[in-house]
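**Student:** Residue numbers for the sequence shown follow the numbering used here, so the first one is 6 and each next one is one higher.
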Amino acid sequence: MHIVYVSREYPPAKRMGGIATYLKIVAEEFVKQGHKVTVVAANDDTRFRRDEKINGVNIIRLQGGDFFVPEEESNDSKIKRLRSLYRFYSYRKLIRKEIEKIPDIDIIEVAEYGAEYLYLLNLKIPLTIRLHTATLLDRSTGRIKDFKLSRIHEYILGKKEKRILEKVPFISSCCNSLLEWTQNYYNIEASNPVVIYNPINLSLWKYNTEVDYMENSILFAGTVTKEKGIRDLIDACLFLRKSGIPVMLTVAGKLGSYGEKLKEEISKDNKDWCKILGHVSQNQLRELYSSHKVSCFPSWWEALGMVCLEAMACGNITLTSDIGGFSEIITDGKDGFLVKQKDPKQLALKLKNALGLSKEDVESIKFNARNTLREKFSVELISKNLEKHYQNVIAAWK
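#1: Taking only the alpha-carbon atoms, compute the straight-line gap between residue 116 and residue 44 and give it to the nearest angstrom.
#2: For the beta strand (DSSP E) containing residue 31, name the first residue and the last one.
#3: Would you identify the three-state DSSP class for residue 218, choosing helix, strand or coil?
#4: Report, in whole angstroms, the separation of the C-beta atoms of residue 347 and residue 240, which I expect to be a contact under 8 angstroms.
#5: Tell me whether residue 248 sits in a helix, a strand or coil according to DSSP, three-state version.
#6: Quick test of your reading: residue 342 and residue 313, contact by CB under 8 angstroms. State the CB separation rounded to the nearest angstrom.
#7: Assign residue 301 to one of three DSSP states: helix, strand, or coil.
#8: Of all the options 154, 194, 92, 47, which has the alpha carbon lying nearest to the alpha carbon of residue 103?
#9: Below 8 angstroms on the Cβ atoms is my guess for residue 87 versus residue 179; work out the distance and round it to an integer in Å.
#10: Can you tell me which residues form a DSSP beta bridge with residue 55?
#11: Is the region 54–73 in contact with the region 91–109, if contact means three or more CB pairs nearer than 8 angstroms?
#12: Going by alpha carbons, who is nearest to residue 400 out of 22, 59, 132?
#13: Return the CA-CA distance between residue 273 and residue 42, expressed in angstroms with no decimal places.
#14: Flag residue 348 as yes if its beta-carbon sits less than 7 angstroms from any beta-carbon of chain C, otherwise no.
#15: Could you name the residues that DSSP lists as bridge partners for residue 41?
#16: Quick one: give me the first and last residue of the alpha helix (DSSP H) that residue 367 is part of.
#17: Rounded to the nearest angstrom, how far is the Cβ of residue 191 from that of residue 170, given a contact under 8 angstroms?
#18: What does the alpha-carbon distance come out to for the pair residue 398 and residue 114?
#19: Beta-carbon separation of residue 141 and residue 150 under 7 angstroms?
#20: Give me the residue from 134, 393, 380, 354 with the minimum Cα distance to residue 248.
#21: How many whole angstroms separate the CB atoms of residue 299 and residue 326, which I take to be in contact at a CB cut-off of 8 angstroms?
#22: So for residue 151, helix, strand or coil by DSSP?
#23: For residue 92, collect the residues of the same chain with a Cβ closer than 6 angstroms to its Cβ; drop the 5 residues on either side in sequence, then sort them by chain order.
#24: Please determine if the region 365–378 and the region 250–270 are in contact, where contact requires at least 3 C-beta pairs separated by less than 8 angstroms.
#25: Cα separation between residue 317 and residue 363?
#26: Residues in the same chain with beta-carbon distance under 8 angstroms from residue 388, minus the five sequence neighbours each way, listed in chain order, please.
#27: Per DSSP, residue 134 is paired with what?
#28: Can you name the start and end residues of the beta strand (DSSP E) that residue 283 belongs to?
#29: Let's test the definition: count the other Cβ atoms within 10 Å of the Cβ of residue 219 and tell me whether it reaches 16, buried, or not, exposed.
#30: Can you give me the C-alpha to C-alpha distance between residue 22 and residue 74, rounded to a whole angstrom?
#31: Let me confirm a value: residue 166 is counted as buried when at least 16 other C-beta atoms fall within 10 Å, else exposed. Which label applies?
#32: What is the residue span of the alpha helix (DSSP H) that residue 271 lies within?
#33: Does the Cβ-Cβ distance between residue 211 and residue 144 come in under 7 angstroms?
#34: Identify the continuous beta strand (DSSP E) that holds residue 344 and give its terminal residues.
#35: Ignoring anything shorter than 4 residues, give me the alpha helix (DSSP H) runs that lie fully in the region 285–334, in order along the chain.
#36: Could you check what DSSP says for residue 256 in three-state terms: helix, strand or coil?
Now the structure itself:
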């Protein structure tokens with residue numbers, strides 16, 4: 006089978022997030038199984054196109070992307086930051102032209118995020134949409150975002166996603182919670198949307214059979230935004246420190262404007278117990294997971310956070326919000342812990358319990374977490390489910 010994935014991001018990239026992580030895992034697994042895989046992505050430096058082959062995956066990084074990465078293109082300007090508006094159609098037309106050049110495609114998978122399938126609907130190729138998280142999903146409320154003139158580009162993008170989702174006949178979702186949200190707010194025509202979890206390649210993550218971590222250490226990994234609950238986590242750590250528990254918090258992930266302001270504030274307040282690292286490599290992230298006792302992801306809404314799977318794979322005690330896909334990964338008290346979102350005091354109590362676990366209890370939770378990943382989220386299992394979905398889409402399309 007020749008599978009083509011269309012995505013704004015694919016590793017290595019400075020804009021990398023959960024979608025890119027998912028794609029890398031499944032693309033390389035399908036190559037291992039003998040399938041041909043092509044990824045059509047965007048180059049970080051939008052002035053140039055770059056083609057390469059990594060671990061058997063053919064990657065086409067197109068020029069002309071509708072974003073701006075200051076580290077790649079100097080001379081920052083307000084005009085460049087408006088690319089999401091004035092390059093929206095031209096970049097998606099470029100995707101269409103590139104797809105038309107690729108021979109013998111059996112199926113195309115595109116994320117709903119970004120509406121990159123805008124000009125792909127009438128191709129004579131089977132197409133399936135992968136739900137990761139729609140632009141219009143408000144992580145603060147769990148509802149549709151309110152219209153704001155200052156965020157008009159998000160509103161336009163979200164409306165395009167909605168319009169196309171309501172036309173596409175084949176959909177897969179990374180979790181039940183996201184599929185339910187999409188069905189509640191969008192008029193989806195797809196007759197049999199399926200849920201196939203995001204996978205984890207357990208062989209790539211360092212797992213310590215012996216307990217080896219810093220006591221009272223907490224790790225947050227992921228994009229540093231308000232909706233990820235990072236402020237709640239910092240407040241919870243303050244509660245713990247005031248109660249005499251000398252917690253140390255490490256924050257690793259893309260910063261953006263919110264993260265940069267937070268980092269400046271932490272420095273100004275002399276909170277030397279909180280380290281904000283910014284973006285780290287996957288190798289650095291593996292070491293961080295292994296050296297911390299608890300990984301905490303108190304998002305206000307999350308689909309299926311890859312960081313949760315990674316932390317569990319490394320043997321962390323993993324604590325997440327009890328919403329969205331997190332609640333489909335973790336069974337509270339068995340293989341991790343769940344806590345109500347937006348509640349720093351409750352979060353502090355849960356963190357206190359997790360940090361106070363004996364080494365025997367830590368081993369038990371680590372063992373259960375590893376079993377959960379093997380039984381529900383291993384790349385071997387998920388790739389079989391995806392392949393079956395692709396075959397069903399191709400058969401139904403024909």
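Backbone N, C-alpha and C define an ideal beta-carbon position, used for all residues, glycine too.
All values derive from a computational prediction rather than experimental measurement.
**Tutor:** Let me spell this out:
#1: 12 angstroms
#2: Note, residue 31: premise wrong, no beta strand (DSSP E); alpha helix (DSSP H) at 23–37.
#3: coil
#4: About 11 angstroms; that fails the 8 angstroms criterion.
#5: coil
#6: About 11 angstroms separates the two Cβ atoms, so there is no contact after all.
#7: strand
#8: 47
#9: Not confirmed; about 30 angstroms, so no contact.
#10: 66
#11: yes
#12: If we check each option's Cα against that of residue 400, 132 comes out closest.
#13: Near 48 angstroms, if we compare the C-alpha coordinates of residue 42 and residue 273.
#14: Here chain C cannot be found, since the structure has a single protein chain.
#15: 7
#16: Its alpha helix (DSSP H) spans residues 364–377.
#17: Residue 191 to residue 170, Cβ: 5 angstroms. Contact.
#18: Roughly 11 angstroms between the two C-alpha positions.
#19: yes
#20: 354
#21: Residue 299 to residue 326, Cβ: 14 angstroms. No contact.
#22: In the three-state DSSP reduction, residue 151 falls in the coil class, being neither helix nor strand.
#23: 71
#24: no
#25: 18 angstroms
#26: So the list reads 31, 34, 35, 38, 204, once near-sequence residues are dropped.
#27: DSSP, once it has assigned bridges, lists 115, 176 as partnering residue 134.
#28: 279–283
#29: exposed
#30: 14 angstroms
#31: buried
#32: 261–273
#33: no
#34: 342–344
#35: 287–296, 311–318, 331–334
#36: The answer is strand: DSSP assigns residue 256 an E or B state.
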